[in-house]
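The structure under discussion appears below in the form of structure tokens.
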Amino acid sequence: MQDGSIWRSVQIACVYIGTVVGAGFASGREVDQFFVRFGIPAFSMVLLTTLLFIFFGYRMLRLGRILRAHTFRDATKVMFGKRGAWLIDILYVMMMFGLTVAMLAGAGELFRERLHAPYFLGVFLTALLSWFTVRHGIHGLMRANVIIVPLMVSFVIYVGWQTFLQHKWPVHSQWIISNTNPGFLHAVLSVLFYIGLNVGLSAGVLIPLGATAHHQKELKLGSLLGSLALGMMLLTVTFILLCYGQEARNYALPMAYVAAHAGAWLEWIFPLVLWAEIFSTIVSNVYALAFLSPDQGKQRRWLLPLILSLAGLLSAVGFKSIVQYGYTAFGCLSLLFLVALLRTYHAPFHREQI
13 MQDGSIWRSV QIACVYIGTV VGAGFASGRE VDQFFVRFGI PAFSMVLLTT LLFIFFGYRM
73 LRLGRILRAH TFRDATKVMF GKRGAWLIDI LYVMMMFGLT VAMLAGAGEL FRERLHAPYF
133 LGVFLTALLS WFTVRHGIHG LMRANVIIVP LMVSFVIYVG WQTFLQHKWP VHSQWIISNT
193 NPGFLHAVLS VLFYIGLNVG LSAGVLIPLG ATAHHQKELK LGSLLGSLAL GMMLLTVTFI
253 LLCYGQEARN YALPMAYVAA HAGAWLEWIF PLVLWAEIFS TIVSNVYALA FLSPDQGKQR
313 RWLLPLILSL AGLLSAVGFK SIVQYGYTAF GCLSLLFLVA LLRTYHAPFH REQI
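Per our numbering, residue 13 is the first one in the sequence shown, and the count goes up by one each step.
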């Protein structure tokens, strides 16, 4: 591969990571909900999740390139037909908008808990910067994530290393699993819901991103790099929260508790890292909503501020409640899209070009 193609793969990987990693992941709340509460088996669950990240991430990127799908709707029309695409689009808009509300709620919670600033100040500033970034389309998205993602990965690795030096092994994990006893089937379903939530909801970005690639190898390498980085981050956050146990899990932002105990300067840098991760997901979600259809070109001037304004108002529901109840529901609905994506594996328009 040429240097330009490698750099393109890195950009694709960064967008993939930035789309998946948001307030739920960065705060530790989402990781606790889907993995940590299972105790030590969570590590094997993360490995399975990483493999699914690789598979589904590449399928969506590849689908976008084959169909030249510059919007999410270009793909759903082929996958579901016109009538089916209409229903999927409605469900997708609801989920993407709900996730945007959750991210803005996370920004507000961050400003209130860590900066002691008004809740809606965090919501407003984040929405304003998101609007400015999404105005520049997919290229604005890529530029933002190339800056943000290395910061996120470095922070997680450093906190994980500091946790290892202090704890060596998650001694609290047995307490967690003994008090939940979820079972094998529950663990598998949790992985599927997590994949449905994160990969299914990233389709609005990954499919049109695939259409911009010049070579198939860019998509393969980008999906692989992004998935491995996501798996590493997920494994590290799981390890960290298992080490700190129930005290961290009781916080709305468990990783904020960890940062406060892992080092003095980490407590101050954590709000910046968390906000960056929230921001990366918001811009991806809003991009997917605003660029859902090529017919929305003239409407985007007022559609972007409308989406962000409504999401900002609804964020008053609160971050913890949205993650606890909304994320699992979003994951269930997104599984429908992933099942349809599996069907394209043997579809004529797909097989002929693979």
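Heads up, the beta-carbon is just placed ideally off N, CA and C, and yes, glycines get one too.
DSSP three-state assignment for residue i, whether helix, strand or coil
i, result
"Ser296", "helix"
"Phe52", "Here residue 52 is Ile; the residue named in the question, Phe, does not match the sequence. Ile52 falls in the coil class under three-state DSSP."
"Gly93", "helix"
"Thr224", "coil"
"His82", "coil"
"Val329", "helix"
"Gly324", "helix"
"Ala264", "coil"
"Leu213", "coil"
"Arg363", "For Arg363, the predicted structure reports a pLDDT of 40, less than 50, and the residue's modelled location is therefore unreliable. A value from the coordinates is still provided. Correct three-state label for Arg363: helix."
"Arg126", "coil"
"Leu304", "coil"
"Gly275", "coil"
"Val32", "helix"
"Gln23", "helix"
CB-CB length for residue i against residue j, believed under 8 Å
i, j, result
"Ser39", "Leu231", "That belief does not hold up - the Cβ atoms of Ser39 and Leu231 are roughly 30 Å apart, past 8 Å."
"Asp44", "Arg261", "6 Å"
"Val113", "Ser327", "5 Å"
"Leu237", "Leu347", "Their Cβ separation, rounded to whole angstroms, is 25 Å, which puts Leu237 and Leu347 out of contact at 8 Å."
"Gly222", "Arg77", "4 Å"
"Val105", "Leu304", "7 Å"
"Met115", "Ile290", "5 Å"
"Gln258", "Val158", "Actually they do not touch by this definition, with Cβ atoms about 37 Å apart."
"Ala139", "Gly324", "5 Å"
"Ile169", "Thr250", "About 14 Å; that fails the 8 Å criterion."
"Ala119", "Gly134", "4 Å"
Endpoints, alpha helix (DSSP H) assigned at residue i
i, result
"Ser202", "196 to 207"
"Phe46", "41 to 46"
"Arg155", "149 to 179"
"Gly257", "Segment: none, Gly257 is in no alpha helix (DSSP H) and carries neither H nor E."
"Phe132", "131 to 146"
Spatial neighbours of residue i in its chain, beta-carbon cut-off 7 Å, leaving aside the 5 residues before and after
i, result
"Leu345", "Leu103, Met107"
"Leu163", "Val285, Ala288"
"Gly152", "Thr145, Val146"
"Ser21", "Glu230, Leu233, Gly234, Leu237"
"Phe68", "Ile207, Val211, Leu350, Leu353"
"Trp143", "Leu316, Pro317, Leu320"
"Ala241", "Ala25, Ile29, Val165"
"Ser239", "Thr62, Phe65, Ile66, Gly69"
"Tyr263", "Tyr269"
Residues of its chain near residue i, where Cβ-Cβ distance is below 6 Å and the 5 sequence neighbours each way are ignored
i, result
"Ser296", "Thr31, Val217"
"Leu301", "Met108, Ile319"
"Met72", "Ala215, Leu218, Ile219"
"Val161", "Cys26, Ile29, Gly30"
"Gly243", "Thr62"
"Leu246", "Val58"
"Leu99", "none"
Spatial neighbours of residue i in its chain, beta-carbon cut-off 8 Å, leaving aside the 5 residues before and after
i, result
"Ala274", "Val171, Gln174, Thr175, Gln178"
"Val270", "Gly40, Val171, Thr175, Ile252, Leu253, Tyr256, Ala260"
"Gly149", "Tyr299, Phe303"
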